[in-house]
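To convert, note that position 150 of the sequence shown is 150 in UniProt numbering; the numbers rise steadily by one, no gaps. Note that beta-carbon positions come from the ideal geometry of N, C-alpha and C, so glycine has one too. Here the structure is a predicted model, which is why all the values come from computation and not from measurement. For reference, the structure is listed below as structure tokens.
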Amino acid sequence: MLARDEMKRYYVIGTMRDLKRKDKLVEAAGDAYGKTLSLLTLDVCSDESVKQCVDSIKDRHIDILINNAGVGLVGPVEALSLDEMKQVFKTNFYGVVRMIKEVMPDMKSRRSGHIIVISSVLGLHGVAFNDVYSASKFATEGLCEGLAIQLMNFNVNVSMIEPGPVNTEFEMKLMIEVSKKEFVGADPETLDHFRTCYLPTQVNLFQGLGQTPEDIARVTKKVIESPQPPFRNLTNPLYTPIVALKYADETGSLSVHTFYHMLYNLGGVMHVTVRIMKFLSFGWLRRRAISPT
Ligand SMILES: NC(=O)c1ccc[n+]([C@@H]2O[C@H](COP(=O)([O-])OP(=O)(O)OC[C@H]3O[C@@H](n4cnc5c(N)ncnc54)[C@H](OP(=O)(O)O)[C@@H]3O)[C@@H](O)[C@H]2O)c1
């Protein structure tokens with residue numbers, strides 16, 4: 001979307017771990033590829049790869065850094081290995097830290113720049129069976145909230161993009177993982193809740209509330225082009241009331257109990273609930289931003 005900007009205001013360097021898989025992206029880029037878009041190899045989990053990538057850019061000059069790489073992990077915590085959990089943090093948290101450490105000092109010395117992180121609504125509230133993924137996004141939110149304050153002195157902006165469900169390969173990859181796993185270590189009751197409450201609810205949420213990658217790109221472009229880019233940016237207005245629960249009751253009871261009922265009591269009628277939410281939020285709610293009131 002940025003590379004195809006009509007006014008050609010952007011030169012985009014897209015990155016991927018394996019350039020052999022670039023065909024779909026090149027096809028989507030059309031004429032922009034080779035003109036306003038080029039591709040580089042990057043693994044956010046490797047110091048060497050990150051350094052090589054940034055060093056290969058002319059004068060290491062990056063005006064806008066978009067951290068998008070992320071991996072998911074679902075299942076009962078007691079059935080997940082610490083190695084699996086560390087891999088989530090290595091990508092979702094330390095990957096962002098590594099990129100920021102490499103790019104931010106140049107932005108500070110130029111006194112100009114914008115760091116964008118594709119976070120998640122799960123970086124704002126926890127969801128059962130997504131505990132570790134959610135923790136990795138909370139960690140990233142905390143890191144960036146601190147940086148946003150410090151970097152104001154250097155005219156460098158920090159913005160979080162917080163999507164709800166997005167129909168990408170993300171969920172499919174998770175479902176493939178789930179179908180292969182036996183979740184050894186979880187008791188039968190918890191496993192039953194995971195399989196009969198959580199998984200069907202997820203499918204309903206993705207079908208009912210899922211946005212497209214283009215929706216997320218549009219929000220991100222708007223944030224980039226804003227004269228005063230907001231720090232938090234929910235992409236899906238249907239989520240505004242859900243996130244607002246946290247601000248409405250500082251004890252946390254309201255959000256914890258609401259999520260409990262959504263998962264265990266409303267799971268079976270989630271598709272109806274989603275339709276009602278869509279209906280109620282059409283129009284005025286779609287234009288509202290989240291606020292403490
Ligand atoms: N889909 C959703 O519902 C959803 C909702 C909220 C937030 N998000 C966030 O949105 C971002 C994009 O996810 P997506 O939905 O587009 O999922 P996706 O289709 O699975 O894309 C994730 C991307 O991250 C890349 N990646 C993973 N590990 C990497 C590493 N070590 N170095 C470089 N790249 C790496 C993957 O590359 P490979 O192809 O090489 O694996 C893939 O291109 C993630 O941060 C995710 O947490 C997604």
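In this structure, residue 216 sits near residue 161, with a CB-CB distance shorter than 8 Å.
Here residue 69 is actually not in contact with residue 36; their C-beta atoms are around 22 Å apart, not less than 8 Å. Taking a contact as a CB-CB distance under 8 Å, the pair residue 67 and residue 107 does not count as one, their CB atoms being some 14 Å apart. Contact fails between the segment 175 to 188 and the segment 140 to 158, because fewer than three Cβ pairs, one in each stretch, are under 8 Å apart. Between residue 16 and residue 42 a beta carbon distance of about 7 Å is seen, short of the 8 Å cut, so the two are scored as contacting. Looking at the DSSP output, residue 157 bridges to 114. According to DSSP, residue 71 shares a beta bridge with no other residue. Annotated as proximal: residue 238 and residue 209, with beta-carbon spacing under 8 Å. As DSSP reads the structure, residue 12 sits in a beta bridge with 37.
In this structure, the alpha-carbon of residue 189 lies about 19 Å from that of residue 202.
In the structure shown, the three-state DSSP call for residue 98 is helix. Membership of residue 218 in the alpha helix (DSSP H) is indicated by the continuous run 213 to 225. The alpha-carbon of residue 166 is positioned some 18 Å away from that of residue 128. Between the segment 20 to 32 and the segment 50 to 67 there are fewer than three C-beta pairs closer than 8 Å, too few to call the two in contact. In this structure, DSSP gives residue 265 a helical state, which the three-state scheme calls helix.
Residue 45 and residue 91 do touch by the CB rule: their CB atoms are close to 6 Å apart, below 8 Å. Taking 8 Å as the upper bound for CB-CB distance, residue 211 and residue 235 are in contact here, some 6 Å apart. Beta-bridge analysis with DSSP links residue 166 to 211.
The closest heavy atom of ligand 1 lies 7 Å or more from the beta carbon of residue 66. DSSP places residue 233 in the uninterrupted beta strand (DSSP E) bounded by 232 to 234. Nearest in C-alpha terms to residue 119, of all of 134, 111, 110 and 105, is 134. Between residue 32 and the set 12, 157, 113 and 123, the nearest pair of CA atoms involves 12. Note: residue 65 is bridge-paired with 115 in the DSSP secondary-structure output. Note on geometry: alpha-carbon atoms of residue 121 and residue 204 lie some 17 Å from one another. Relative to the non-hydrogen atoms of ligand 1, the Cβ of residue 42 comes within a distance shorter than 7 Å of at least one. Rounded to whole angstroms, the separation of the alpha carbons of residue 65 and residue 229 is 14 Å. Cβ atoms of residue 132 and residue 80 come within 8 Å of each other, at about 7 Å.
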